[in-house]
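**Q**
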Amino acid sequence: MITSPANKKVKEVRALFDKASLRAERGLFPIEGVRMFLEAPAAEIEELYVSESFAARAEGEVRDKIEALKAETVADNIFAKMSDTKTPQGVLALVRMQRKSLEEVLKGGASCFLAVESLQDPGNLGTMLRAGEGAGLSAILANRGTVDVYNPKLVRATMGSIFRIPVVYVDDFREALLTLAREGIRLYAAALQASVPYDSIEYPEKTAFLIGNEAAGLSEEAIAAANQSIHIPMLGQVESLNAAVAASILLYERARQRRKERA
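Written out as structure tokens, the structure is:
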């Protein structure tokens with residue numbers, strides 16, 4: 003049992019929560035809580051830690067998975083220091099990152115994309131993953147200026163979708179958009195310039211919605227790469243929507259149309 007805050011593993015877990023550079027170097031990211039632990043593919047879990055009290059009360063599927071992965075037990079007070087939450091549930095794992103290229107994702111048959119440019123709020127990207135999975139999202143394409151998908155707040159916001167929806171970071175965002183276009187994917191930019199209402203479009207199976215930075219929106223270069231700009235009509239005095247809310251509305255409109263076609 004780990005009983006000292008000076009233990010090397012305690013320090014490493016804390017560092018992985020705090021430092022994106024170390025996560026990238028190690029190819030590992032931390033997850034917490036029963037829900038995330040059960041969602042995580044067992045084959046991708048590198049290390050598993052449980053608090054002493056949690057180990058004593060775990061049962062059923064949770065206990066079976068803990069035993070199969072040979073978890074390391076941690077004294078409750080030390081586990082609290084490892085944790086990134088105010089009220090730790092008692093289970094924490096280090097999971098291997100899944101790094102996929104755009105080419106791999108396309109070869110896998112991906113047809114519905116979100117393409118995000120310089121998104122900064124981890125909660126926004128996390129919500130896009132979670133809501134997007136429910137709407138049939140295949141993958142997220144992101145430029146290097148976008149928040150780290152393995153940010154702890156972002157990981158929590160996905161509620162497990164991070165294990166199923168790939169996020170592909172690219173150095174050249176415009177070229178990646180053109181790659182999507184060459185694959186027959188229609189690009190729709192969430193932007194006001196020369197735009198039409200989002201619900202006036204019939205979205206094809208192969209669709210990508212372009213979402214920009216929370217404050218600045220999409221770059222002119224990204225907008226120019228799109229087939230059409232679209233906007234969500236607003237009532238009242240609201241000028242714009244949260245990026246994750248806007249992305250969800252667009253994705254679910256496409257999903258609604260796809261269901262209608264199949265009916």
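FYI, in the numbering used here the residues of the sequence shown are 3 to 265. Note that the Cβ used here is the ideal one computed from N, Cα and C, for glycine as well.
How is residue 219 classed by DSSP in three states: helix, strand or coil?
**A** Here residue 219 refers to the residue found at position 217 when the sequence shown is read from its first residue. In the structure shown, residue 219 sits in a strand (DSSP, three-state: E or B).
**Q** Residue 130 to residue 150, Cα distance in whole Å?
**A** The residue you call residue 130 lines up with position 128 of the sequence shown. The residue you call residue 150 lines up with position 148 of the sequence shown. Cα to Cα, the separation comes out at about 14 Å.
**Q** Just curious, the alpha helix (DSSP H) that residue 259 is in, first and last residue?
**A** In the sequence shown, residue 259 corresponds to position 257, counting from 1. For residue 259, the enclosing alpha helix (DSSP H) starts and ends at 245-264.
**Q** Quick one: any contact between the stretch 182-191 and the stretch 236-244, if contact means 3 or more CB pairs under 8 Å?
**A** The stretch 182-191, when compared against the stretch 236-244, does not touch it at the 8 Å Cβ threshold.
**Q** Could you check if residue 286 is buried or exposed, using at least 16 other CB atoms within 10 Å of its CB as the buried criterion?
**A** The question about residue 286 has no answer, for the chain in this structure spans 3 to 265.
**Q** Distance, Cα to Cα, residue 99 vs residue 92?
**A** The sequence position of residue 99 within the sequence shown is 97, counting from 1. The sequence position of residue 92 within the sequence shown is 90, counting from 1. Each residue's alpha carbon lies about 22 Å from the other.
**Q** Please state whether the Cβ-Cβ distance between residue 95 and residue 159 is less than 9 Å.
**A** In the sequence shown, residue 95 corresponds to position 93, counting from 1. In the sequence shown, residue 159 corresponds to position 157, counting from 1. No.
**Q** So residue 17 is in the alpha helix (DSSP H); what residue range does that whole segment cover?
**A** For the purposes of this step, residue 17 is taken as the residue at position 15 of the sequence shown. First-last of the alpha helix (DSSP H) with residue 17: 10-20.
**Q** Considering only their Cβ atoms, is the gap separating residue 249 from residue 1 smaller than 9 Å?
**A** Here the chain has residues from 3 to 265 only, and residue 1 is not among them.
**Q** Rounded to the nearest angstrom, what separates residue 78 and residue 9 at their Cα positions?
**A** For the purposes of this step, residue 78 is identified with residue 76 of the sequence shown, where counting begins at 1. For the purposes of this step, residue 9 is identified with residue 7 of the sequence shown, where counting begins at 1. Cα to Cα, residue 78 sits roughly 14 Å from residue 9.
**Q** Just curious, the alpha helix (DSSP H) that residue 79 is in, first and last residue?
**A** For the purposes of this step, residue 79 is taken as residue 77 along the sequence shown, with counting starting at 1. From DSSP, the alpha helix (DSSP H) with residue 79 extends over 78-84.
**Q** Determine, using beta carbons only, whether residue 142 and residue 75 come nearer to each other than 9 Å.
**A** The residue given as residue 142 occupies position 140 in the sequence shown. The residue given as residue 75 occupies position 73 in the sequence shown. No.
**Q** Any beta-carbon of chain D closer than 9 Å to the one on residue 24?
**A** Looking for chain D here will not work: only one protein chain is present.
**Q** Identify every run of the alpha helix (DSSP H) within the stretch 116-151, keeping only runs that are complete inside it and at least 4 residues long; order them along the chain.
**A** As summarised for the stretch 116-151, the continuous alpha helix (DSSP H) elements at least 4 residues long and confined to that stretch are 124-136, given in chain order.
**Q** Give the straight-line distance between the Cα atoms of residue 49 and residue 20, rounded to the nearest whole angstrom.
**A** By one-based count along the sequence shown, residue 49 stands at place 47. By one-based count along the sequence shown, residue 20 stands at place 18. Cα to Cα, residue 49 sits roughly 18 Å from residue 20.
**Q** For a quick check, are the C-beta atoms of residue 161 and residue 38 less than 9 Å apart?
**A** By 1-based counting over the sequence shown, the position of residue 161 is 159. By 1-based counting over the sequence shown, the position of residue 38 is 36. Going by C-beta atoms, residue 161 is nearer than 9 Å to residue 38.
**Q** Quick one: what does DSSP say residue 51 is sitting in, helix, strand or coil?
**A** The count along the sequence shown starts at 1 and reaches residue 51 at position 49. Three-state result, residue 51: strand.
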